[in-house]
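A.B. asks:
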Amino acid sequence: MRLATWNINSLRLRMPLLQRLVEEEAPDIVCLQETKVHDDLFPLDAVKALGFEHVVFSGIKGYNGVAILSKLPLTNAGGHQWVGRTDGRHVFATLPNGTEVHSLYIPAGGDEPDPLINEKFDHKLKFVTELKDWFPANRDPSRPIVLVGDLNIAPYEADVWSHKQLLKIVSHTPVETEGLIAALDAFGWVDTIRNRIPEPEKVYTWWSYRGRDWRASDRGRRLDHIWATPSIASAIGSPKILKDARDWPQPSDHVPVLVTIDG
DNA sequence: ATGGTCGGTTGCCGA
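Numbering-wise (the working numbering), the first sequence opens with residue 9 and increments by one.
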């Protein structure tokens, strides 16, 4: 079974790129973030035409939006709304093998890393705190669960192009990285990407649109994650980070990350 | 120290 996660930055605009991903990598499950489409306008027919008969999505007008596209039947589909908002950041469903898959989109948090003057950063920190408590309160960590998505935090030094230069940049500040690792530890999640590619090897999944030559400067960050509970983590192989997708026509600023899951 | 580029609810906001 092949699973992909991708912040696609507008599903409707980049439907041809989704088709290319499906043709070249043959994922059975695609978890998307930033679909940027209201549920009423979700391109369900086009998604089904790519072979994904089983789809769960949660979207609002203009921004955010998450989805799970599957060639395998999905059961117990649902979602959760975070920090008291209804803003399309989380859906989940269960695969035929009993594994529950979650597609999550944590807020970016704005530019100023001070929750007292930046409401977006305050929202992000509250989100991460809720994340730490939600899975222990609502799920059994002995079950097979996979949590993927754009978590908008690069937790480790090798997850950014310059640890020192990004310490005060939102996505890599200590309050965020420590908060995300606390959420990871609270449920006993395995960070399956870092498990397979240990530090100090650099791993990035996002490169800014800003700047002339993203590949030459290579100022990336690992914002997209694949977490798993221990009972399924050992069945997850090395991630394939589709760096070349950053050069596809009209690309997303995030690239797809793929893993195989045995069973 | 600054500005740089995207997409969508466009002449701005969120990222």
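Virtual Cβ for every residue (Gly too), placed ideally from N, Cα, C.
Here the structure is a predicted model, which is why all the values come from computation and not from measurement.
Looking at the structure shown, is Gly118 part of a helix, part of a strand, or coil, going by DSSP?
C.D. replies: Of the three classes helix, strand and coil, the one that applies to Gly118 here is coil, per DSSP.
A.B. asks: Out of Ala34, Gln41, Leu29 and Met9, point me to the one whose CA is closest to Ser18's CA.
C.D. replies: For the residues Ala34, Gln41, Leu29 and Met9, the minimum Cα distance to Ser18 belongs to Gln41.
A.B. asks: Just tell me which of Gly245, Trp215 and Gly187 has its CA closest to the CA of Ile114.
C.D. replies: Of Gly245, Trp215 and Gly187, the residue nearest in Cα terms is Gly187.
A.B. asks: Taking all protein chains shown into account, do 16 or more other C-beta atoms lie within 10 angstroms of the C-beta of Asp48, making it buried, or fewer, making it exposed?
C.D. replies: Exposed, by the Cβ-count rule.
A.B. asks: Name the residue from Asn72, Asp270 and Lys176 whose alpha carbon lies nearest to the alpha carbon of Tyr120.
C.D. replies: Position check: residue 120 holds Glu in this sequence, whereas Tyr was assumed. With distances taken between Cα atoms, Glu120 lies closest to Lys176.
A.B. asks: Just the Cα atoms here: how many angstroms apart are Gly219 and His262?
C.D. replies: Each residue's alpha carbon lies about 15 Å from the other.
A.B. asks: Go ahead and label Thr237 buried or exposed: buried means 16 or more other beta carbons lie within 10 angstroms of its beta carbon, across all protein chains shown.
C.D. replies: That one is buried.
A.B. asks: What's the gap between the Cα of Arg151 and the Cα of Gly73?
C.D. replies: Taking the straight line joining both Cα atoms gives about 26 Å.
A.B. asks: With H, G and I counted as helix, E and B as strand and the rest as coil, what does DSSP make of Ile234?
C.D. replies: Residue state, collapsed to three classes: strand.
A.B. asks: Which residues bound the beta strand (DSSP E) around Arg10?
C.D. replies: Where Arg10 is concerned, the enclosing beta strand (DSSP E) stretches over Arg10 to Asn15.
A.B. asks: Give me the Cα-Cα distance between Cys129 and Val64, rounded to the nearest whole angstrom.
C.D. replies: Correcting the residue type first, residue 129 is Phe in the shown sequence and not Cys. So the two alpha carbons sit approximately 28 Å from each other.
A.B. asks: Taking all protein chains shown into account, decide if Arg229 is buried (16 or more other Cβ within 10 angstroms of its Cβ) or exposed.
C.D. replies: Answer is buried; the Cβ neighbour count reaches 16.
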